[in-house]
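Notes to accompany the following structure.
Residue numbers (the working numbering): 349 to 549.
Structure representation (structure tokens):
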């Protein structure tokens, strides 16, 4: 379980094919301070397991299913990724409930930069339109954000200077793909009504 408050931006230092997956090495310092094998760290919003670590880096294995359903399959050495350790029970809950289970990817359709914010307009597939609400929470590349505008096939988020400085979202441009995780409460409600409508009266 995560909060969507990014702790560090790491840099991919190696990608090694293993079977139908890949082992990925990531340079980082903050997230490895209390690391142990088997611990969970979110990489651009994807919950991954620490397979090894040093004081300045760590490695993980990414299976084919994850590569096919997130942006991690397109990453190359040198790319910057958002990192967050699994949340502690005794810490402040500054974002929203983020499971690290990416629902889909989205494409950046437009970028508007003003003095105080960067507005991203992202594509939204019709089957997911009901999971995004105005002023609701959404995770983009693992970052907890508030939806500022929503339509049937798009939504927008506004990045404040702090978010731009502490995540990899500031580098996003038109055409880039990002990982999306919708609010888990909305997903449970959608599933409840889906099953309720399918049951015989």
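For glycine and all other residues, C-beta sits at the position ideal for the given N, C-alpha and C.
### Query
DSSP beta-bridge partners for residue 375?
Per the DSSP secondary-structure output, residue 375 pairs in a beta bridge with 359, 405.
### Task
Inspect the CB distances between the region 386-403 and the region 421-437 and report whether three or more fall short of 8 Å.
Yes, since at least three Cβ pairs between the region 386-403 and the region 421-437 fall closer than 8 Å, the two stretches touch.
### Task
Enumerate in chain order the residues of its own chain whose CB-to-CB distance from residue 419 is below 7 Å, with the five nearest sequence positions on each side excluded.
The beta carbon of residue 419 is closer than 7 Å to those of 392, 453, 525, 526, 527 in its chain, skipping five residues each way along the sequence.
### Query
Which of the three DSSP states, helix, strand or coil, is assigned to residue 509?
In the displayed model, residue 509 falls within a helix according to three-state DSSP.
### Task
Could you pull out every residue in the same chain whose Cβ sits closer than 6 Å to the Cβ of residue 445, ignoring the five residues on either side in sequence?
The answer, listed in chain order, is 532.
### Message
Which same chain residues end up closer than 7 Å to residue 426 when comparing Cβ atoms and leaving out the 5 residues on each side of it in sequence?
### Response
So the qualifying residues of the chain are 359, 360.
### Task
Flag this pair as yes or no: are the beta carbons of residue 510 and residue 354 separated by less than 8 Å?
Taking 8 Å as the Cβ cut-off, residue 510 and residue 354 do not qualify as a contacting pair.
### Message
As a quick exercise: from 362, 387, 491, 463, pick the residue whose alpha carbon is nearest that of residue 436.
### Response
The shortest CA-to-CA distance from residue 436 to any of 362, 387, 491, 463 is the one to 387.
### Task
Output the boundary residues of the beta strand (DSSP E) element that contains residue 430.
Residues 428-433.
### Query
If residue 362 and residue 369 are in contact, beta carbons under 8 Å, what's the gap, nearest whole angstrom?
Contact between residue 362 and residue 369 is absent: CB atoms are separated by about 14 Å, not below the 8 Å threshold.
### In chain order, each beta strand (DSSP E) run of at least 3 residues that lies wholly inside the region 444-510
Listed in chain order, the complete beta strand (DSSP E) runs (minimum 3 residues) inside the region 444-510 are 452-461, 466-471, 485-488, 491-498, 502-507.
### Message
Quick check on residue 437: does DSSP put it in helix, strand or coil?
### Response
Three-state result, residue 437: coil.
### Buried versus exposed, by CB contacts within 10 Å (16 or more), residue 416
The residue in question, residue 416, is exposed, as its Cβ has fewer than 16 Cβ neighbours within 10 Å.
### Query
By the 10 Å Cβ neighbour count, where 16 or more other Cβ atoms means buried, how is residue 472 classified, buried or exposed?
Counting of Cβ neighbours within 10 angstroms places residue 472 among the buried residues, the total reaching 16 or more.
### Backbone CA spacing between residue 404 and residue 378 [nearest angstrom]
Answer to the nearest angstrom: the Cα atoms are 9 Å apart.
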